[in-house]
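Taken in order, these protein sequences are the chains called A and B. Each number in the working numbering corresponds to the 1-based position in the first sequence with 3 added. Each number in the working numbering corresponds to the 1-based position in the second sequence with 3 added. Written out below as structure tokens is the structure these notes cover.
Number of protein chains: 2
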Amino acid sequence: MPTKGEQSKERILETANRLFYERGFNSTSFQDIAEVSGVPKGNFYFYFKSKGALLETVIEGRLERFREALTGWERDLSTPKERLLRCIDMLVNDRAEIERYGCPMGSLSLEIGKQQPEMKKQAAKIFRLLVDWNENQLRELDVGDQAPALAHRLIARLQGASVLAFVLEDKIRAREEIDDIKAWIEAL
Amino acid sequence: MPTKGEQSKERILETANRLFYERGFNSTSFQDIAEVSGVPKGNFYFYFKSKGALLETVIEGRLERFREALTGWERDLSTPKERLLRCIDMLVNDRAEIERYGCPMGSLSLEIGKQQPEMKKQAAKIFRLLVDWNENQLRELDVGDQAPALAHRLIARLQGASVLAFVLEDKIRAREEIDDIKAWIEAL
DNA sequence: GTCTATAGACGGATAGAC
DNA sequence: GTCTATCCGTCTATAGAC
């Protein structure tokens, strides 16, 4: 059973994770996180030495969740093609949030990466993880030495689909684009 | 010849346009714009009634420049395929800035669109303009009723390539992705 | 003298930090 | 809960153009 302190820390992290996504990092104040999480903002500096440190922990949490998801898909899905398609389906499952707030990692990276190179590198780890994992799946298909380029292309297309889904808010076209990405992978 | 007032307004706009791109909207203060432009901060409210109004004018300026560029390409390039390729070449020409700051419109939309729906709509106009223009070019090719979907796909792929170029900072893969987009268009 | 434009000091609010 | 810094935005005194 978690101690009260662990619960507070977890509540801060969960709330920060959500608000950084929904409102953006710079537009989310400690005040906001305190109000939503119920944890007084005075406590924040007991758990995190700065707002940047809080962000860093949020990113680490996201990285960890991605790792778990990817290992889960490797365990539960038997063919590389199924796994690639499952990865694409992230956009289908989260389409409502993506249309409202964009891709969590894409939008965060673009916002903070312009001024905080260190954070940008942290965020890039998640993209590298995703690209490498897809590259491994592609290698199991018969794509020769094209695996790195195709993996990069797949993540790029998912990012592009997310940006346009956010900006244009056109559900039909967004869905159409995802379907085309899936068809492209299925045809490999 | 522009009056002195027009020069000040223009200097504020140019500087804001650049800093909003390089540092992000929320991370750019009037103080910053004043220092870089040389125009004292006290003057800003003579020309713009708020920071949001300044942003709006910046976006309008970008929209206008896009319109001019697109009409220029229609005038100077004779075939639709050349025009589409010229559009893609934006990423090649601006690759250094895109790697450092992302796509100007993509990153701005994602940052401000989460909290300012009105500004998001303004920014979306530029994307609509681009998609529609490319759709017109595609219609002149023999793509049947695929023009809308292909135009959407082209802009999505350009956005995706920009995001990954920014996040991963991998010049080789970024170039490879652009080349693939070009090859795809050329094969149409 | 009037209108446009300038310059900077000032204030309330709110941020992150402790 | 306090502290300091900084944010956006306001106010006003003034300078130059015509």
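Glycine included, every Cβ here is placed at the ideal spot set by N, Cα and C. Note that the coordinates shown come from a computational prediction; the quantities given were computed from them, not determined experimentally.
| Item | Value |
| --- | --- |
| Taking contact to mean at least 3 C-beta pairs separated by less than 8 Å, is the region 117–128 of chain B in contact with the region 121–130 of chain A? | no |
| When burial is assigned at 16 or more other CB atoms within 10 Å of the CB, is B/Y24 buried or exposed? | buried |
| Can you tell me whether B/A190 is buried or exposed, with buried defined as 16 or more other CB within 10 angstroms of its CB? | exposed |
| Under a three-way DSSP split, which group does B/K44 fall into? | helix |
| Going by CA-CA distance only, name the one from A/W136, A/N139, A/V39, A/E180 that's closest to A/S11. | A/V39 |
| Please state the DSSP three-state secondary structure of A/D97. | coil |
| For B/L144, which three-state DSSP category applies? | coil |
| How many Å lie between B/E77 and B/G116 at the Cα? | 31 Å |
| Just how far apart, CA to CA, sit A/R156 and B/K174? | 14 Å |
| Keeping to the same chain, check which residues put their C-beta closer than 8 Å to that of B/M4; ignore five residues upstream and five downstream. | Note on B/M4: pLDDT 45, under 50, position unreliable in the model; no value is reported. |
| Got a sec? Which residues, its chain only, sit under 7 Å from B/R89 by beta carbon, not counting five neighbours each side? | W76, L80 |
| The alpha helix (DSSP H) spanning A/K185 covers which residue range? | 174–189 |
| Which residues of the region 30–51 of chain A have a Cβ closer than 9 Å to any Cβ of chain B? Give them in chain order. | S30 |
| Between B/L111 and B/F169, is the Cβ-Cβ spacing less than 8 Å? | no |
| Taking only the alpha-carbon atoms, compute the straight-line gap between A/L1 and A/M93 and give it to the nearest angstrom. | What the structure shows of chain A is the stretch from 4 to 191, and residue 1 of chain A is not part of that stretch, so it cannot be assessed. |
| Return the CA-CA distance between B/A159 and A/V166, expressed in angstroms with no decimal places. | 7 Å |
| Any C-beta of chain A sitting closer than 8 Å to the C-beta of B/V166? | yes |
| Considering just the uninterrupted stretch of the alpha helix (DSSP H) at B/G163, what are its terminal residues? | 150–171 |
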